[in-house]
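Remarks on the structure that follows.
Numbering (the working numbering), first residue to last: 0 to 584.
Here it is in structure tokens:
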């Protein structure tokens with residue numbers, strides 16, 4: 000409740016003193032007030048009894064009542080004692096009154112003190128008098144004459160003096176109590192400070208140790224419990240420093256090994272809770288958040304790896320397997336090894352990422368297959384032409400000329416393949432510079448469109464261009480963007496039947512411009528769509544057409560070199576739409 004031990008000592012101490020003082024004040028005041036009330040009751044009852052003996056014969060005298068003699072007697076007795084005296088008949092009517100006009104006073108028969116006087120031979124009551132407008136004590140006794148009850152004599156006295164005396168006593172006790180409390184608080188503050196100071200010093204040293212300063216020490220003062228605690232703490236800190244230094248060396252060596260490893264390493268306990276996970280494992284398995292304290296299944300999200308771990312747990316032997324994770328087609332080689340020397344048993348999982356190796360193997364295999372396919376056709380054609388010429392066509396000039404033209408065409412195809420391969424290699428390696436500079440969007444699109452418009456018209460196609468109304472500056476290499484659009488338009492013309500429409504449209508989306516080339520051609524099969532930007536890849540419909548299969552791969556790398564994106568949308572028989580983005584200045 001209180002943040003400081005000093006206040007934990009001082010505040011309860013002060014509260015106890017204050018409450019004790021208040022309780023004592025209330026108790027003493029009430030005792031004094033009650034004693035004064037008791038004395039006053041005895042006195043008033045005695046005085047009322049003396050007056051009753053004198054006035055009793057007059058209470059049933061009509062002449063005394065009519066002449067006001069009882070009022071005069073009441074005032075004389077009241078003036079002598081500074082009291083209020085009232086004579087009351089048995090029917091409750093006031094026969095004599097010292098301070099008020101009795102004709103205006105109401106019936107007093109059922110007043111508390113009157114009822115007690117009638118029933119018990121005497122009674123008192125304390126209440127606020129509406130007649131005289133202050134609190135009074137009333138004492139009433141029966142008045143007998145010749146053994147017959149004649150009426151009631153009531154004597155009343157104001158309690159203002161008693162209240163004033165008791166209030167003065169309360170103030171005196173409270174004043175003394177406040178002085179005592181102040182002195183006690185000062186004394187408690189000194190005691191609390193002397194008690195809290197060594198605790199604060201020890202706390203400061205503990206905080207330094209918690210922050211890593213294992214050389215922090217505190218000299219014990221005295222022989223009390225705090226000094227013993229200080230000595231024990233210093234000893235504990237010495238041992239902790241030695242252990243931390245040893246553990247730090249071991250941890251540094253282990254952390255250096257695990258951090259620099261290219262393979263992922265995970266250690267779990269017998270229940271599958273991850274105890275250790277190195278950065279390589281986080282990267283390979285795409286782990287989000289802190290893996291510590293989570294289960295192996297929650298971390299890896301792969302049923303093959305989980306089954307491998309469970310198999311090692313069940314058999315108690317090392318297990319290994321190669322798994323493929325979806326949807327990113329990541330190939331992993333995992334080895335799960337039990338660690339029986341640890342109690343309870345733990346399990347070491349080593350994960351090797353084979354994705355790059357598999358991808359390189361796939362690329363190499365596809366490249367060899369594709370380049371072989373692209374070269375086989377022109378080489379076979381060249382070989383057939385050479386054999387034909389050798390067999391006698393060389394001596395037939397028209398035939399020889401036709402074959403030479405065919406040889407030239409095939410050589411041009413081979414040259415195009417080689418040139419595009421070299422261009423793609425230069426782009427991928429970064430040796431083909433992309434000089435981005437502010438260029439009008441209209442200049443980027445108009446030149447390649449007008450260059451290919453005659454080809455589109457010869458194919459019976461309508462070529463349309465949609466540009467934003469305002470002039471926009473695009474950060475781009477104009478020559479490279481022209482190359483991208485020419486490749487996309489050339490494919491659109493090639494795969495769009497006569498009567499179709501080609502549309503080149505540009506739109507501003509945020510801080511980039513999207514340029515789309517859309518056709519109404521044959522479209523691309525859904526299974527071919529994810530691979531159309533691969534080098535040499537051709538769909539079934541494109542295999543019979545001319546081309547190297549490198550145009551889209553070159554376009555993709557050029558767009559990425561500009562910091563943009565490129566993608567394709569298509570439906571067979573409806574058409575295709577190729578879209579890429581460029582940054583706006």
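Glycine included, C-beta positions come from ideal geometry on N, C-alpha and C.
With distances taken from CA atoms, which of 153, 81, 39 is nearest residue 107? The sequence position of residue 107 within the chain shown is 108, counting from 1. Ranking 153, 81, 39 by Cα distance to residue 107 puts 153 first.
Looking at residue 158 and residue 190, is the spacing between their C-beta atoms short of 8 Å? Numbered from its first residue, the chain shown carries residue 190 at position 191. Numbered from its first residue, the chain shown carries residue 158 at position 159. Their beta carbons are not under 8 Å apart, which means residue 190 does not touch residue 158 by this criterion.
If you count every other CB in all the chains shown that lies within 10 Å of the CB of residue 203, and 16 or more means buried, which is it? Working through the chain shown from its first residue, we reach residue 203 at position 204. Exposed, by the Cβ-count rule.
For residue 149, is the classification buried or exposed, using 16 other Cβ atoms within 10 angstroms of its Cβ as the cut-off for buried? Start at 1 with the first residue of the chain shown, and residue 149 comes out as number 150. Label assigned to residue 149: buried.
Please report the distance separating the alpha-carbon of residue 662 from that of residue 275. Only positions 0 to 584 of the chain appear in the structure, and residue 662 is not among them; the question remains open.
Rounded to whole angstroms, what's the CA-CA distance from residue 192 to residue 183? Just pull it up for me. Your numbering for residue 192 matches position 193 in the chain shown. Your numbering for residue 183 matches position 184 in the chain shown. Cα-Cα distance, rounded: 14 Å.
Determine the burial state of residue 486: buried for a count of at least 16 other Cβ atoms within 10 Å of its Cβ, exposed for fewer. In the chain shown, counting from the first residue as 1, residue 486 sits at position 487. Buried, since its Cβ has 16 or more Cβ neighbours within 10 Å.
Taking all protein chains shown into account, decide if residue 525 is buried (16 or more other Cβ within 10 angstroms of its Cβ) or exposed. Here residue 525 refers to the residue found at position 526 of the chain shown. So residue 525 ends up on the exposed side.
Of all the options 456, 514, 177, which has the alpha carbon lying nearest to the alpha carbon of residue 493? Residue numbering aside, residue 493 sits at position 494 when the chain shown is read from its first letter. Nearest C-alpha to residue 493: 456.
Span of the alpha helix (DSSP H), counted from its first residue to its last, around residue 237: Along the chain shown, one-based indexing puts residue 237 at 238. Where residue 237 is concerned, the enclosing alpha helix (DSSP H) stretches over 224-259.
Quick check: does the Cβ of residue 204 come within less than 7 Å of any heavy atom belonging to the ligand GTP? Within the structure as shown, the ligand GTP is missing, as the structure has no ligands at all.
Do the CB positions of residue 43 and residue 156 come within less than 8 Å of each other? The residue labelled residue 43 in the question sits at position 44 within the chain shown. The residue labelled residue 156 in the question sits at position 157 within the chain shown. Going by beta carbons, residue 43 and residue 156 fall inside the 8 Å limit.
Which one or two residues does DSSP pair with residue 352 in a beta bridge? Within the chain shown, residue 352 is the residue found at index 353, counting from 1. According to DSSP, residue 352 bridges with 331.
Can you name, in chain order, every residue of its own chain whose Cβ lies under 7 Å from the Cβ of residue 498, other than the five neighbours on each side? By 1-based counting over the chain shown, the position of residue 498 is 499. Taken in chain order, the residues that qualify are 459.
Under 8 Å between C-beta atoms of residue 344 and residue 269: One-based indexing of the chain shown puts residue 344 at position 345. One-based indexing of the chain shown puts residue 269 at position 270. Yes, the Cβ-Cβ distance between residue 344 and residue 269 is below 8 Å.
Between which two residues does the alpha helix (DSSP H) containing residue 97 stretch? Here residue 97 refers to the residue found at position 98 when the chain shown is read from its first residue. No alpha helix (DSSP H) contains residue 97, which DSSP labels as neither H nor E.
Could you check whether residue 266 and residue 331 sit closer than 8 Å to each other, using their CB atoms as the reference points? Residue 331 sits at position 332 when you count from the first residue of the chain shown. Residue 266 sits at position 267 when you count from the first residue of the chain shown. No.
Quick one: what's residue 576 bridged to in DSSP? Here the question's residue 576 lines up with position 577 in the chain shown. Paired residues: 517, 568.
Since I believe residue 86 is in contact with residue 54 (beta carbons under 8 Å), could you give me their beta-carbon distance rounded to a whole number of angstroms? Indexing the chain shown from 1 puts residue 54 at position 55. Indexing the chain shown from 1 puts residue 86 at position 87. Indeed, because the Cβ distance is near 6 Å, the residues count as touching under 8 Å.
Just to confirm, are residue 279 and residue 263 a CB contact at a threshold of 8 Å? The residue given as residue 279 occupies position 280 in the chain shown. The residue given as residue 263 occupies position 264 in the chain shown. Their beta carbons are under 8 Å apart, which means residue 279 touches residue 263 by this criterion.
Count Cβ pairs between the stretch 312-322 and the stretch 245-254 that sit closer than 8 Å; are there 3 or more? They do not touch, by the three-pair rule.
Can you check whether the CB of residue 72 is closer than 8 Å to the CB of residue 91? Taking the first residue of the chain shown as 1, we reach residue 91 at position 92. Taking the first residue of the chain shown as 1, we reach residue 72 at position 73. Taking 8 Å as the Cβ cut-off, residue 91 and residue 72 do not qualify as a contacting pair.
DSSP on residue 293, reduced to helix/strand/coil? If you number the chain shown from 1, residue 293 lands on position 294. DSSP places residue 293 in coil when its eight states are reduced to three.
According to DSSP, residue 124 sits in a beta bridge with which residue or residues? Working through the chain shown from its first residue, we reach residue 124 at position 125. The partner list for residue 124 (beta bridge, DSSP) reads 137.
State the CB to CB distance for the pair residue 380 and residue 409, rounded to an integer number of angstroms; the pair is presumed to be in contact (CB under 8 Å). Locating residue 380 in the chain shown gives position 381, counting from the first residue. Locating residue 409 in the chain shown gives position 410, counting from the first residue. Contact flag correct, Cβ pair sits at about 5 Å.
Residue 517, buried or exposed, once every other Cβ within 10 Å from all chains shown has been counted against 16: By 1-based counting over the chain shown, the position of residue 517 is 518. Looking at its Cβ environment, which holds 16 or more other Cβ atoms inside 10 Å, residue 517 is buried.
I need the boundaries of the beta strand (DSSP E) containing residue 149, first residue and last residue. On the chain shown, residue 149 is found 150 positions in, with the first residue counted as 1. Unbroken beta strand (DSSP E) run through residue 149: 147-157.
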